[in-house]
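Inspection log for the structure reproduced underneath, given as structure tokens.
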Amino acid sequence: MSNQTGEKQEKAGREAKNQKESAAWVLLELLEREGSILRLDGSIPPDMAADSFALKLNGETLPVYFTERFSQPEVDEKVFCGCRAFFAEVSPERLQRDNILTFIWTDEEGKEEVLPVVSTCYQARLHTGLRHGWWLFEDYMITLAGADPGACRAAGIRICRTGKPERVRQEFRFLKEILRASYGSRKMFLMRLAYWLSYPFYCRKNIWLTFDKLYKGGDCGEYFYKYVTGRKEDGISPVYVIKKDVPDYERLCREGYRPAVYRSWKQRMCYLYASMVFGTHSGVPSFCGFNQWEIRFVQDRLRSVNACIQHGLSVQDLRADSNRVVNNNKRYYCASRYEVDNLSKPAYDYCPETLRLTGIPRYDGLMPQDGRQILIAPTWRSYLAMHSVMGQTRPYNPEFKNTEYYRIYQAFVEHEKLGETARQMGYQIVYLLHPVISAQKKDFRPAQGVEILSALEADYEELLTQSSLMVTDYSGVQFDFAYMRKPVVYFHPPALPPHYEEGGFFYETQGFGEICTGIDELAETLCNYMRDGCRLKDFYRRRQDDFFAYQDFESCKRIYEDARSYQERLKQSGKAAGRQRKK
Numbered sequence: 000m001s002n003q004t005g006e007k008q009e010k011a012g013r014e015a016k017n018q019k020e021s022a023a024w025v026l027l028e029l030l031e032r033e034g035s036i037l038r039l040d041g042s043i044p045p046d047m048a049a050d051s052f053a054l055k056l057n058g059e060t061l062p063v064y065f066t067e068r069f070s071q072p073e074v075d076e077k078v079f080c081g082c083r084a085f086f087a088e089v090s091p092e093r094l095q096r097d098n099i100l101t102f103i104w105t106d107e108e109g110k111e112e113v114l115p116v117v118s119t120c121y122q123a124r125l126h127t128g129l130r131h132g133w134w135l136f137e138d139y140m141i142t143l144a145g146a147d148p149g150a151c152r153a154a155g156i157r158i159c160r161t162g163k164p165e166r167v168r169q170e171f172r173f174l175k176e177i178l179r180a181s182y183g184s185r186k187m188f189l190m191r192l193a194y195w196l197s198y199p200f201y202c203r204k205n206i207w208l209t210f211d212k213l214y215k216g217g218d219c220g221e222y223f224y225k226y227v228t229g230r231k232e233d234g235i236s237p238v239y240v241i242k243k244d245v246p247d248y249e250r251l252c253r254e255g256y257r258p259a260v261y262r263s264w265k266q267r268m269c270y271l272y273a274s275m276v277f278g279t280h281s282g283v284p285s286f287c288g289f290n291q292w293e294i295r296f297v298q299d300r301l302r303s304v305n306a307c308i309q310h311g312l313s314v315q316d317l318r319a320d321s322n323r324v325v326n327n328n329k330r331y332y333c334a335s336r337y338e339v340d341n342l343s344k345p346a347y348d349y350c351p352e353t354l355r356l357t358g359i360p361r362y363d364g365l366m367p368q369d370g371r372q373i374l375i376a377p378t379w380r381s382y383l384a385m386h387s388v389m390g391q392t393r394p395y396n397p398e399f400k401n402t403e404y405y406r407i408y409q410a411f412v413e414h415e416k417l418g419e420t421a422r423q424m425g426y427q428i429v430y431l432l433h434p435v436i437s438a439q440k441k442d443f444r445p446a447q448g449v450e451i452l453s454a455l456e457a458d459y460e461e462l463l464t465q466s467s468l469m470v471t472d473y474s475g476v477q478f479d480f481a482y483m484r485k486p487v488v489y490f491h492p493p494a495l496p497p498h499y500e501e502g503g504f505f506y507e508t509q510g511f512g513e514i515c516t517g518i519d520e521l522a523e524t525l526c527n528y529m530r531d532g533c534r535l536k537d538f539y540r541r542r543q544d545d546f547f548a549y550q551d552f553e554s555c556k557r558i559y560e561d562a563r564s565y566q567e568r569l570k571q572s573g574k575a576a577g578r579q580r581k582k
């Protein structure tokens with residue numbers, strides 16, 4: 000090999016190494032207080048060996064524990080698959096008056112490099128797009144050391160014991176940055192100022208905030224809000240978030256409730272001061288009035304404990320949206336032991352104490368009746384959806400009629416034998432469009448006796464309780480229906496596979512009804528059910544009994560009492576930590 004070739008290869012090797020080093024980072028995903036312990040969770044790139052990574056406090060190496068938690072973060076507008084998740088803990092005994100936490104990478108030659116910190120997750124409390132953000136842990140003020148907002152990087156984490164005067168000075172520095180920096184926001188400056196001005200009015204309130212889809216109520220959030228509103232003896236201030244320009248806002252007002260208007264100043268103050276947030280969807284801040292850019296200016300002020308009360312049951316593969324650090328749920332309320340089994344997998348990283356088998360709130364409204372009605376309620380597919388805007392319904396898709404999804408379901412709703420049998424047996428057929436494709440209602444041409452209903456005009460509770468039988472593919476509404484011990488029939492045409500992976504529910508062995516793959520087969524199955532009065536078969540009743548932990552109407556009560564108990568334990572733990580500090 001010539002000297003010139005060797006030099007080129009050596010240069011290429013150096014460039015590759017430099018590129019790898021420049022791409023190295025540590026993502027801070029969560030900072031939290033656990034009793035008197037400071038816990039942090041993060042991830043490192045997938046090509047970084049675990050044994051080359053270390054965390055140092057004032058130069059002293061701390062234990063780092065790697066886990067199997069799912070981690071697929073977006074850093075510098077690039078998604079990194081298969082990152083290595085870790086956590087570490089810092090006890091007050093290790094802390095001096097002024098401390099620096101740094102993340103270290105040791106290369107193959109034994110040379111140590113300080114890894115830049117990227118912090119863009121709202122549960123991390125601090126954002127590397129800002130220089131002067133701060134968060135209080137015990138008597139210590141936590142800030143980013145050497146923050147560079149332009150690069151969205153920091154050199155480390157500073158933990159400094161401070162009194163109130165220094166915290167006030169830090170807050171003034173932060174307010175000045177938000178107001179004057181090119182990356183700041185006058186609106187968020189006013190929002191943060193309003194937070195401090197309203198502190199005397201809100202700081203002692205025990206606010207429990209919840210929500211559903213912002214353009215429609217009637218889900219677990221509304222049910223739980225109404226239940227808590229009726230429990231006045233515990234001093235809880237319940238808040239339900241919904242958009243003002245939707246029918247369900249007016250309905251709630253007519254019923255005597257006072258929902259909080261989405262993105263109003265009062266609603267956002269309620270979120271910042273909430274002690275508990277009961278979420279039905281991931282991405283909690285966006286449902287509580289702050290988009291991904293806005294939340295960075297106030298995430299250090301959040302004090303709520305997050306709890307998941309669910310929209311659909313957690314039996315699919317939901318690692319990306321529902322693993323522990325996404326919202327740091329301290330309570331995850333489930334209706335089935337199969338959900339608990341699924342969420343107990345290492346990729347989710349929940350401790351057993353978090354997963355609570357209580358039922359979910361909207362099940363309290365499922366009083367079964369028989370309105371001689373067949374409900375068709377398939378789910379959507381990702382390729383059908385138009386671009387979404389937070390809190391708004393999806394727009395009309397002009398290409399929808401050219402999809403296989405449309406052709407299959409259009410052929411089904413105009414099936415001659417199905418319609419004829421329904422008329423003979425006195426059944427009405429209702430095809431409920433998923434919210435994502437509700438704008439496509441005008442595309443369907445139903446046969447006589449078939450009604451097409453968009454999700455926006457539907458009363459879910461009435462539809463479910465009045466229907467005698469349900470047809471679905473993979474929709475989570477099947478669980479609501481099966482909870483009432485009614486028959487379910489599945490339609491799984493090969494041309495329409497699901498857009499998610501199975502997690503803890505398998506249709507062949509756990510499904511609540513027959514699985515049909517063709518339109519004629521499905522129509523014949525439904526005709527047979529109608530001739531038999533839509534009677535639930537014993538085989539499938541046993542499966543339903545096995546799946547659900549309860550068959551009553553007290554899910555809200557169980558969740559409420561568990562959350563109150565959890566709050567009380569936190570209160571006692573805080574008092575104990577305070578006594579320990581005084582010693």
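Take the sequence shown: its letter number 574 is residue 573 in numbering that gives the first Met the number 0, and every next letter is one higher. Backbone N, C-alpha and C fix where the C-beta goes; we use that ideal spot for every residue, glycine too.
Check your understanding: Per DSSP, what kind of secondary structure is Cys110 in: helix, strand or coil?
Key -> For the record, residue 110 in the displayed sequence is Lys; it is not Cys. Coil.
Practice item. Would you kindly work out how many angstroms separate the C-alpha atoms of Arg130 and Leu356, rounded to a whole number? Key: 42 Å
Check your understanding: Taking just the CA atoms, how far does Cys526 sit from Asn322?
Key -> 42 Å
Review point. DSSP puts Tyr332 in a beta bridge; with which residues?
Key: Arg355
Check your understanding: If you check the beta carbons only, do Val89 and Leu56 fall under 9 Å apart?
Key -> yes
Review point. Is Gly217 near Tyr182, with beta carbons less than 9 Å apart?
Key: no
Check your understanding: So, helix, strand or coil for Ser236, using DSSP?
Key -> strand
Check your understanding: Run through DSSP, which three-state label would Ala306 get?
Key -> strand
Exercise for review: Taking 9 Å as the cut-off, decide whether the C-beta atoms of Ala457 and Val412 are in contact.
Suggested key: no
Review point. Taking the beta strand (DSSP E) that Tyr489 falls in, what are its first and last residues?
Key: Val487 to Phe490
Review point. So who's on the other strand from Ala84, going by DSSP bridges?
Key: Ser42 and Thr66
Review point. Do Val487 and Gly517 have their C-beta atoms within less than 9 Å of each other?
Key: no
Practice item. Would you kindly work out how many angstroms separate the C-alpha atoms of Val260 and Ser285, rounded to a whole number? Key: 14 Å
**Study point:** Under the three-state DSSP convention, the category Gln571 falls into
**Key:** helix
Point to revise | CA nearest to the CA of Met47, picked from Glu221, Glu28, Leu94 and Phe102 | key: Phe102
Practice item. List the whole-angstrom C-beta distance separating Ile428 from Val449, where the pair is believed to meet the contact cut-off of C-beta under 8 Å. Key: 5 Å
Practice item. Under 6 Å Cβ to Cβ from Ala87, same chain only, skipping five residues before and after it: list those, please. Key: Leu39, Leu54, Leu61 and Val63
Check your understanding: For Gln439, does the three-state DSSP call read helix, strand or coil?
Key -> helix
Review point. Terminal residues of the continuous alpha helix (DSSP H) containing Val227?
Key: Cys219 to Gly229
**Study point:** Proximity below 9 Å, CB of Leu383 to CB of Leu463
**Key:** no
Exercise for review: Please state if the CB of Lys485 and the CB of Ser467 are separated by a distance shorter than 9 Å.
Suggested key: yes
Review point. Using the beta-carbon count (16 or more within 10 Å), is Glu20 buried or exposed?
Key: Any reading at Glu20 must be qualified, since the residue scores a pLDDT of 42, below 50, and its modelled position is unreliable; no value is offered.
Check your understanding: Within the chosen definition, does the segment 527–539 reach the segment 550–568 through at least 3 CB pairs nearer than 8 Å?
Key -> no
Review point. Cα separation between Ser572 and Ser274?
Key: 15 Å
Point to revise | From Arg371, Ser236 and Trp207, residue whose alpha carbon lies closest to that of Cys533 | key: Arg371
Check your understanding: Between which two residues does the beta strand (DSSP E) containing Cys159 stretch?
Key -> Gly155 to Arg160
**Study point:** Boundaries of the alpha helix (DSSP H) in which Phe200 is found, first to last residue
**Key:** Tyr198 to Tyr201
Review point. What's the gap between the Cα of Leu30 and the Cα of Glu137?
Key: 13 Å
Review point. Where Gly418 and Gln409 are concerned, what is the direct C-alpha to C-alpha distance, given to the nearest angstrom?
Key: 13 Å
Exercise for review: Mind the definition here: the segment 223–241 touches the segment 312–328 only if three or more C-beta pairs lie below 8 Å; say whether that holds.
Suggested key: no
Check your understanding: For the beta strand (DSSP E) that Glu28 lies in, which residues bound it at each end?
Key -> Val25 to Glu33
Check your understanding: In terms of alpha-carbon separation, which member of Phe296, Asp97, Ser281 and Leu432 lies closest to Gly58?
Key -> Asp97
Exercise for review: With a threshold of 16 other CB atoms inside 10 Å of the CB of Pro497, please say whether the residue is buried or exposed.
Suggested key: exposed
Practice item. Measure the Cβ-Cβ separation of Gly358 and Arg557 and say whether it is below 9 Å. Key: yes
**Study point:** Residue range of the unbroken alpha helix (DSSP H) whose run includes Val325
**Key:** Arg323 to Asn326
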